[in-house]
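Enquirer: Numbering (this note's numbering), first residue to last: 404 to 780.
1) Whose C-alpha, out of 737, 761, 633 and 688, is nearest the C-alpha of residue 716?
2) Is residue 824 helix, strand or coil when you go by DSSP?
3) How would you call residue 555, buried or exposed, if buried means at least 16 neighbouring beta carbons within 10 angstroms?
4) Inspect the beta-carbon positions of residue 541 and residue 442 and report whether they are closer than 7 Å.
5) If you draw a straight line from the alpha carbon of residue 580 to that of residue 684, how long is it in whole angstroms?
6) May I ask you to verify whether the region 617-630 touches the region 450-468, counting CB pairs closer than 8 Å and requiring at least 3?
7) Where does residue 694 land, buried or exposed, given buried means 16+ other C-beta within 10 angstroms?
8) Consult DSSP for residue 710 and reduce its assignment to one of helix, strand or coil.
9) So, helix, strand or coil for residue 548, using DSSP?
10) Suppose you measure from the CA of residue 578 to the CA of residue 744; what does that come to, to the nearest Å?
11) With burial defined as no fewer than 16 other Cβ atoms inside 10 Å of the residue's Cβ, what is the status of residue 722: buried or exposed?
12) Considering only C-alpha positions, which residue in the set 466, 406 and 408 is nearest to residue 419?
13) Measuring only the C-alpha atoms, how far is residue 709 from residue 768?
14) Do you know offhand how far residue 624's Cα is from residue 746's?
15) Using the beta-carbon count (16 or more within 10 Å), is residue 524 buried or exposed?
16) On a Cα-Cα basis, can you pick out the residue from 410, 405 and 404 that is closest to residue 675?
17) Tell me whether residue 766 sits in a helix, a strand or coil according to DSSP, three-state version.
18) By the 10 Å Cβ neighbour count, where 16 or more other Cβ atoms means buried, how is residue 741 classified, buried or exposed?
19) Our contact map puts residue 558 next to residue 604 with C-beta atoms below 8 Å; I'd like the distance itself, whole angstroms only.
20) So, with DSSP's three-state summary, where would you put residue 599?
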């Protein structure tokens, strides 16, 4: 059996979060179960992009502070690191409020800049992961609960994709991102290479809608914790009210036989996840209905069965972030405007995820529009 703890929290007040984290960890055995004196403990938050805490794009700095203090109390040496989708880790940590917490608590910031090769354990034969991620004695995963335009939800397992350094993420999107099931399998194989010792989910304010970078903050009011990331993700999905059919990563974990995927394997302490919210989180725009089609039809009808990114009128500042982030190099600036090569576009929506101005909208193909009209969004 895998235990997942749930603790209700009304906001991000420093003392409230500190006390809530202590209560959250108590039924799991406390931080001392996961951290021994003298161990170097890597705390890996979500540092997706340079947004302030109230945008709900990154892990909240007060949760990071509480976890750092718990690690110190257990005798561990706290390190904090991640690799954002775009830009430097330090800048994202500063803008998100996390660098101030790191400096105030005396923790060490370890940006993910150097990668080491690691042999894969499945379909993918090799990964290159951040040195601090691999070399720390303990790993505490600190994701933000958010909706995700490609995978529907991002939480514990998806947060570990940050162990891939910088632009190498784009290469993985190019290699596996055109197929959601294949991308989910890749994330699970990456997770298997270094499973976190502890996962603590920031769902005090989550993100709904077009997450993970352009959605809307949503008050949920809970923290979740457990040592099995797959099990914690299952419970987080129940909190969010996301239908199982749309949980590509969780369904892939079930097919691949990962522990923690069956309800009877998981015990939740601290409350009923189904009663946390009065309504489910609002899901991302439905952007793809080509699943189950034969390959030759997918290739011919992709533009009709999927959504494609396009510029929202009056919002684009031609900053070039999307051009640099696009895995297949399907975006360019020409004639004072963005231009998209939709034959090359793999519909990973990294451009929308990382756009600092929320300047990219989605246009549905005509078959997708027809299906939505007949069956609803």
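Idealized CB from N, CA, C, for every residue including glycine.
Expert: To lay it out plainly:
1) Residue mapping note: residue 716 aligns to position 313 of the chain shown, counting from 1. Of the listed residues, the one whose Cα sits closest to residue 716 is 761.
2) The question about residue 824 has no answer here: the residues shown for the chain are numbered 404 through 780.
3) For this step, residue 555 is matched to residue 152 along the chain shown. It is buried - the Cβ of residue 555 has at least 16 other Cβ atoms within 10 Å.
4) The residue given as residue 541 occupies position 138 in the chain shown. The residue given as residue 442 occupies position 39 in the chain shown. Yes, the pair counts as a contact, with Cβ atoms nearer than the cut-off.
5) Taking the first residue of the chain shown as 1, we reach residue 580 at position 177. Taking the first residue of the chain shown as 1, we reach residue 684 at position 281. Distance between the alpha carbons of residue 580 and residue 684 is about 24 Å.
6) yes
7) The sequence position of residue 694 within the chain shown is 291, counting from 1. Because residue 694 sits at a pLDDT of 47, beneath the cut-off of 50, its placement in the model cannot be relied upon, and the following sentence gives the value as read from the coordinates. Per the 10 Å Cβ criterion, exposed.
8) Counting from one through the chain shown, the residue named residue 710 turns up at place 307. In the structure shown, residue 710 sits in a strand (DSSP, three-state: E or B).
9) Within the chain shown, residue 548 is the residue found at index 145, counting from 1. Strand.
10) Residue mapping note: residue 578 aligns to position 175 of the chain shown, counting from 1. Residue mapping note: residue 744 aligns to position 341 of the chain shown, counting from 1. Rounded to the nearest angstrom, the two C-alpha atoms are 18 Å apart.
11) If you number the chain shown from 1, residue 722 lands on position 319. Exposed is the call here.
12) Along the chain shown, one-based indexing puts residue 419 at 16. Taking only the C-alpha atoms, the option nearest residue 419 is 466.
13) Along the chain shown, one-based indexing puts residue 709 at 306. Along the chain shown, one-based indexing puts residue 768 at 365. About 6 Å.
14) One-based indexing of the chain shown puts residue 624 at position 221. One-based indexing of the chain shown puts residue 746 at position 343. In a straight line, the C-alpha of residue 624 is about 42 Å away from that of residue 746.
15) Indexing the chain shown from 1 puts residue 524 at position 121. Exposed is the call here.
16) Numbered from 1 along the chain shown, position 272 holds the residue referred to as residue 675. With distances taken between Cα atoms, residue 675 lies closest to 410.
17) Reading the chain shown from its first residue, position 363 is the one you call residue 766. DSSP places residue 766 in strand when its eight states are reduced to three.
18) If you number the chain shown from 1, residue 741 lands on position 338. So residue 741 ends up on the buried side.
19) Residue mapping note: residue 558 aligns to position 155 of the chain shown, counting from 1. Residue mapping note: residue 604 aligns to position 201 of the chain shown, counting from 1. Confirmed, Cβ separation roughly 6 Å.
20) For the purposes of this step, residue 599 is taken as residue 196 along the chain shown, with counting starting at 1. In this structure, residue 599 counts as coil in the three-state DSSP scheme.
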